[in-house]
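Residue numbers for the sequence shown follow my numbering, so the first one is 187 and each next one is one higher.
Backbone N, C-alpha and C define an ideal beta-carbon position, used for all residues, glycine too.
Here is the structure we will look at, set down as structure tokens.
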Amino acid sequence: MSQDTIQYLVLHRCDPSCNMARYYVLSIEPSLLGDAALIGEWGRLGRLGQRRVELYDNRSCAVEALETCL
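This is the structure we're talking about:
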């Protein structure tokens, strides 16, 4: 794992000709139990989206999972 790791990633995809306005967010946050949580959120801009939480034993495992998503 390198010194520069991604902890928070925000992507937007907008195409007015297709009426498309989407967002995607990946973040690594501590859980209440001290583990690391990889949180993924996605949906349409201006609307409530969906959220998925994946728990990992430590931060380095969560960073590896985030980098795999890319």
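Backbone secondary structure at residue i - three-state DSSP
| i | result |
| --- | --- |
| R199 | strand |
| R233 | coil |
| L252 | helix |
| W228 | strand |
Enclosing beta strand (DSSP E) for residue i [first to last residue]
| i | result |
| --- | --- |
| S258 | This structure leaves residue 258 out entirely; the chain is present only between 187 and 256. |
Whole-number beta carbon distance between residue j and residue i, since they are thought to touch under 8 Å
| i | j | result |
| --- | --- | --- |
| Y260 | L231 | Outside the shown range of the chain (187 to 256) lies residue 260, about which nothing can therefore be said. |
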